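Quick note on my numbering: the sequence shown kicks off at 11 and runs consecutively.
In this text, a Cβ means the ideal position worked out from N, Cα and C, and glycines have one as well.
Quick caveat: nothing in here was measured; it's all calculated off a predicted structure.
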Amino acid sequence: MRKQRSGLLAFGLLWLLVSCQSLELRVVTPGATERMRLREGRLRTSLTVSDSFFRTWRVVSATGFHPSTPTMLTVEFARQGKLLYGSNKSAGGCCTPNNFTLVGNQLKLVNVDPVPSFCANVGCLATVLVVGDAWQIDRVDATGLVLKGENRTITFEPVD
(Lines of atoms letter the chains of each structure in order from A and count residues from 1; the text may use other names and numbers.)
(Lines give C-alpha, C1' and ligand atoms only; values in the text may rest on other atoms or scores of the structure.)
Protein backbone atom coordinates (compact mmCIF):
# COMPACT_ATOMS: atom_id res chain seq x y z
CA MET A 1 0.00 0.00 0.00
CA ARG A 2 2.84 2.36 0.90
CA LYS A 3 4.75 1.59 -2.33
CA GLN A 4 1.58 2.20 -4.32
CA ARG A 5 1.10 5.68 -2.74
CA SER A 6 4.71 6.66 -3.28
CA GLY A 7 4.47 5.44 -6.88
CA LEU A 8 1.33 7.53 -7.43
CA LEU A 9 2.99 10.52 -5.78
CA ALA A 10 6.06 10.16 -8.02
CA PHE A 11 3.85 9.84 -11.11
CA GLY A 12 1.85 12.93 -10.06
CA LEU A 13 4.98 15.01 -9.54
CA LEU A 14 6.40 13.89 -12.88
CA TRP A 15 3.12 14.75 -14.64
CA LEU A 16 3.06 18.18 -12.94
CA LEU A 17 6.63 18.86 -14.00
CA VAL A 18 5.98 17.91 -17.63
CA SER A 19 2.70 19.84 -17.87
CA CYS A 20 4.24 23.04 -16.51
CA GLN A 21 7.05 23.29 -19.09
CA SER A 22 5.69 26.49 -20.63
CA LEU A 23 3.67 28.13 -17.88
CA GLU A 24 3.48 31.85 -18.58
CA LEU A 25 2.34 34.48 -16.09
CA ARG A 26 1.60 38.11 -16.93
CA VAL A 27 1.51 40.68 -14.19
CA VAL A 28 1.02 44.44 -14.53
CA THR A 29 2.59 46.29 -11.63
CA PRO A 30 2.68 50.03 -10.93
CA GLY A 31 6.34 50.28 -11.94
CA ALA A 32 6.49 48.03 -14.97
CA THR A 33 5.11 45.08 -16.81
CA GLU A 34 6.75 41.85 -15.80
CA ARG A 35 6.94 38.81 -17.98
CA MET A 36 7.75 35.69 -16.12
CA ARG A 37 8.24 32.44 -17.91
CA LEU A 38 8.98 29.16 -16.25
CA ARG A 39 10.72 26.97 -18.80
CA GLU A 40 13.04 24.11 -18.04
CA GLY A 41 13.29 25.13 -14.40
CA ARG A 42 14.47 28.69 -15.02
CA LEU A 43 12.53 31.82 -14.14
CA ARG A 44 12.91 34.73 -16.54
CA THR A 45 11.72 38.26 -15.77
CA SER A 46 11.94 41.36 -17.92
CA LEU A 47 10.95 44.82 -16.75
CA THR A 48 10.67 47.18 -19.69
CA VAL A 49 7.74 49.60 -19.64
CA SER A 50 7.83 52.48 -17.19
CA ASP A 51 5.01 54.40 -15.52
CA SER A 52 5.21 57.00 -18.29
CA PHE A 53 3.40 54.57 -20.66
CA PHE A 54 0.17 54.59 -18.60
CA ARG A 55 -1.20 58.01 -19.49
CA THR A 56 -3.08 59.93 -22.18
CA TRP A 57 -1.38 60.38 -25.57
CA ARG A 58 -2.16 62.27 -28.79
CA VAL A 59 -0.98 61.05 -32.20
CA VAL A 60 1.43 63.55 -33.78
CA SER A 61 2.49 61.43 -36.76
CA ALA A 62 1.69 58.11 -38.36
CA THR A 63 3.75 56.66 -41.22
CA GLY A 64 3.18 53.55 -43.33
CA PHE A 65 -0.62 53.87 -43.35
CA HIS A 66 -2.95 54.48 -46.30
CA PRO A 67 -3.13 58.27 -46.96
CA SER A 68 -6.85 58.36 -46.09
CA THR A 69 -6.33 56.81 -42.64
CA PRO A 70 -7.43 59.34 -40.00
CA THR A 71 -4.64 60.06 -37.54
CA MET A 72 -6.38 62.56 -35.23
CA LEU A 73 -6.53 60.45 -32.11
CA THR A 74 -6.21 60.89 -28.35
CA VAL A 75 -6.00 57.68 -26.32
CA GLU A 76 -5.25 56.71 -22.74
CA PHE A 77 -3.46 53.44 -21.98
CA ALA A 78 -4.96 52.69 -18.55
CA ARG A 79 -3.23 50.33 -16.10
CA GLN A 80 -6.20 47.94 -16.16
CA GLY A 81 -5.51 47.16 -19.84
CA LYS A 82 -8.24 49.48 -21.12
CA LEU A 83 -8.04 51.96 -23.97
CA LEU A 84 -9.97 55.18 -23.36
CA TYR A 85 -10.50 57.64 -26.20
CA GLY A 86 -10.89 61.41 -26.45
CA SER A 87 -11.10 64.04 -23.76
CA ASN A 88 -14.17 62.33 -22.25
CA LYS A 89 -12.22 59.04 -21.90
CA SER A 90 -14.87 56.86 -23.54
CA ALA A 91 -14.61 53.22 -24.61
CA GLY A 92 -13.53 52.35 -28.13
CA GLY A 93 -16.95 51.79 -29.63
CA CYS A 94 -17.38 49.80 -32.82
CA CYS A 95 -14.29 50.62 -34.82
CA THR A 96 -11.40 50.79 -32.37
CA PRO A 97 -9.99 48.33 -29.83
CA ASN A 98 -11.10 48.73 -26.23
CA ASN A 99 -8.34 46.73 -24.51
CA PHE A 100 -4.66 45.92 -24.79
CA THR A 101 -2.23 43.35 -23.50
CA LEU A 102 1.33 44.24 -22.70
CA VAL A 103 4.14 41.72 -22.36
CA GLY A 104 7.59 43.25 -22.09
CA ASN A 105 7.58 45.93 -24.79
CA GLN A 106 5.07 44.07 -27.00
CA LEU A 107 1.65 45.73 -27.19
CA LYS A 108 -1.34 43.88 -28.67
CA LEU A 109 -4.68 45.57 -29.31
CA VAL A 110 -7.70 43.43 -28.46
CA ASN A 111 -11.40 43.57 -27.61
CA VAL A 112 -11.93 41.79 -24.32
CA ASP A 113 -14.96 43.84 -23.33
CA PRO A 114 -18.09 43.00 -25.33
CA VAL A 115 -18.69 45.07 -28.44
CA PRO A 116 -22.34 46.18 -28.91
CA SER A 117 -24.30 43.97 -31.32
CA PHE A 118 -25.18 46.92 -33.58
CA CYS A 119 -21.48 47.21 -34.47
CA ALA A 120 -21.98 44.40 -37.00
CA ASN A 121 -23.92 46.93 -39.13
CA VAL A 122 -21.35 49.73 -38.86
CA GLY A 123 -18.92 50.33 -41.72
CA CYS A 124 -15.64 51.33 -40.10
CA LEU A 125 -13.07 53.55 -41.73
CA ALA A 126 -9.46 52.59 -41.27
CA THR A 127 -7.81 53.91 -38.13
CA VAL A 128 -4.28 53.78 -36.76
CA LEU A 129 -5.31 51.50 -33.89
CA VAL A 130 -6.94 48.26 -35.07
CA VAL A 131 -8.01 45.15 -33.14
CA GLY A 132 -5.44 42.40 -33.56
CA ASP A 133 -2.51 44.67 -34.36
CA ALA A 134 0.73 43.98 -32.52
CA TRP A 135 3.14 46.80 -31.83
CA GLN A 136 6.65 47.08 -30.45
CA ILE A 137 7.14 49.96 -28.02
CA ASP A 138 10.22 51.56 -29.53
CA ARG A 139 10.41 54.47 -27.10
CA VAL A 140 8.41 55.67 -24.12
CA ASP A 141 9.31 58.48 -21.76
CA ALA A 142 7.85 61.72 -20.40
CA THR A 143 8.16 63.41 -23.81
CA GLY A 144 6.74 60.80 -26.17
CA LEU A 145 5.69 57.30 -27.17
CA VAL A 146 6.73 55.56 -30.41
CA LEU A 147 5.03 52.36 -31.58
CA LYS A 148 6.44 50.33 -34.49
CA GLY A 149 5.00 47.37 -36.36
CA GLU A 150 4.80 45.96 -39.90
CA ASN A 151 6.52 48.93 -41.60
CA ARG A 152 4.32 51.37 -39.70
CA THR A 153 5.19 53.89 -37.00
CA ILE A 154 2.93 55.92 -34.72
CA THR A 155 4.43 58.77 -32.70
CA PHE A 156 2.49 60.17 -29.75
CA GLU A 157 2.97 63.19 -27.50
CA PRO A 158 1.70 63.29 -23.92
CA VAL A 159 -1.52 65.14 -23.16
CA ASP A 160 -1.24 67.24 -20.02
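- DSSP lists Lys118 as the bridge partner or partners of Ala144.
- For the set Ser97, Val140, Phe128, Thr84, the Cα lying nearest the Cα of Asn109 is the one of Val140.
- The beta carbon of Val70 is closer than 7 angstroms to those of Thr165, Phe166, Glu167 in its chain, skipping five residues each way along the sequence.
- Less than 7 angstroms divides the Cβ of Gly74 from the Cβ of Arg162.
- By the neighbour-count criterion, in which 16 or more other beta carbons inside 10 Å mark a residue as buried, Val122 falls on the exposed side.
- In the DSSP assignment, the residues bridged to Pro168 are Trp67.
- Here Gly102 is buried. Its C-beta has 16 or more other C-beta atoms within 10 Å.
- Residue range 109-113 is occupied by the beta strand (DSSP E) that includes Val113.
- Nearest C-alpha to Pro80 among Ala130, Cys105, Leu94, Arg65: Cys105.
- Taking Gly142 as reference, the option from Thr111, Asn115, Tyr95 with the minimal CA-CA separation is Thr111.
- With respect to Gly133, Trp145 sits apart: the two C-beta atoms are not nearer than 7 angstroms.
- For Phe87, the closest of Gln116, Gly114, Val169, Phe64 by C-alpha to C-alpha distance is Phe64.
- In this structure, Thr66 places its C-beta atom within 7 angstroms of the C-beta atom of Val169.
- A check of alpha carbon separations from Val120 across Pro126, Leu93, Cys129, Asn98 identifies Leu93 as the nearest.
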